[in-house]
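Contents: one structure, followed by commentary.
In this note's numbering, the protein residues as written are 71 to 290.
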C-alpha cells in the first residue's frame with residue numbers, strides 16, 4: 071500500500087506536458103507594434119497628400135495644376151520606405167476613388183482617375199515605392215548628412231520620373247495627342263517646381279532624422 075501511495079504522489083507532482091504558448095513573443099509583439107506605427111504613418115501621409123492637393127495653383131499652360139501633392143508623395147517614400155510609402159499613396163488614391171474630395175481642386179471619383187490627369191495620380195504609388203526603395207538603400211550606406219541630403223534629392227527626382235511618364239502617357243491617350251505635345255503640357259511646366267519640391271522633401275526628411283523624430287522607426 072505504501073508503494074502504491076508513493077506512486078500516486080509521484081504521479082500527482084510529475085510535470086504535465088507543456089502546451090505551446092499561443093501568446094506572441096516579445097519580438098513578435100515589437101514587430102506588430104512597428105508595423106502598426108508604420109501603417110498609421112502611411113495613413114498620415116495619405117492625409118498630407120490630400121491636403122497638398124487642396125493647395126492648388128491653376129496653370130494657364132497646362133491642364134495639370136500646381137499642387138503640393140508631389141512633395142508629400144516624395145516624403146512618403148523617403149520617410150516610410152518602399153512598402154509603406156506605396157501604401158500611403160494607394161490609400162490616397164482609394165480615398166479619391168470612393169468619392170472623397172482629395173484630388174486637386176476637390177476632385178473625386180473614378181472619372182478623375184480615368185481622365186487626362188489620372189496617370190499622374192496613379193503614378194504616385196509607383197513613384198513612392200521607387201523613392202522608398204532608394205531611400206532604404208541610402209540609409210543602409212550610412213552617408214553623412216550632406217551626402218544623404220544629396221542622394222535623397224536624386225532619389226526623389228528619379229522616382230518622380232515614373233509618375234511623369236505614366237501621367238504623360240495617359241494625357242496623350244485621353245487627349246489623343248502626341249507624346250511631344252503631352253510632354254509639353256504635363257512635364258515641361260513642372261520640371262523646376264517639382265525639383266524644388268524634391269529639394270524641400272529631402273531637406274525635411276533629413277531634418278526629421280537629425281532630430282530623432284523618425285529615425286527609430288524608419289524601415290531599412
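Using N, Cα and C, we set each Cβ at its ideal position, and we do this for glycine too.
- With fewer than three CB-CB distances shorter than 8 Å, the stretch 222 to 235 does not count as touching the stretch 167 to 187.
- DSSP places residue 136 in the strand class (E or B) of the three-state scheme.
- In this structure, residue 264 keeps its C-beta atom at 8 Å or more from the C-beta atom of residue 163.
- Contact between residue 236 and residue 192 holds: their C-beta atoms lie close to 7 Å from each other, under 8 Å.
- In its chain, beyond the 5 residues on either side, 238, 241 and 242 have a beta carbon closer than 6 Å to the beta carbon of residue 252.
- Assigned with DSSP and collapsed to three states, residue 126 falls in coil, not helix or strand.
- About 4 Å separates the beta carbons of residue 155 and residue 202, which is inside the 8 Å limit, making them a contact pair.
- In this structure, residue 205 lies near residue 151, with their beta-carbon atoms less than 8 Å apart.
- DSSP assignment within the stretch 150 to 193 yields the following whole alpha helix (DSSP H) runs of 4 residues or more, N-terminal first: 180 to 183.
- Residue 220 has its alpha-carbon roughly 28 Å from the corresponding atom of residue 104.
- In this structure, DSSP gives residue 241 a helical state, which the three-state scheme calls helix.
- By the neighbour-count definition (other C-beta atoms within 10 Å, threshold 16), residue 181 is an exposed residue.
- When only Cα atoms are considered, residue 248 and residue 166 end up about 28 Å apart.
- If you look at residue 263, you'll find it in the alpha helix (DSSP H) that goes 261 to 280.
- CA-to-CA, the gap between residue 185 and residue 244 works out to about 7 Å.
- Annotated three-state conformation of residue 248 is coil, per DSSP.
- The C-beta distance from residue 145 to residue 275 rounds to 6 Å, short enough to fall under 8 Å.
- About 13 Å separates the CB atoms of residue 126 and residue 119; that is not less than 8 Å, and the two are not in contact.
- In this structure, residue 161 and residue 112 form a Cβ contact; the two beta carbons are roughly 6 Å apart against a cut-off of 8 Å.
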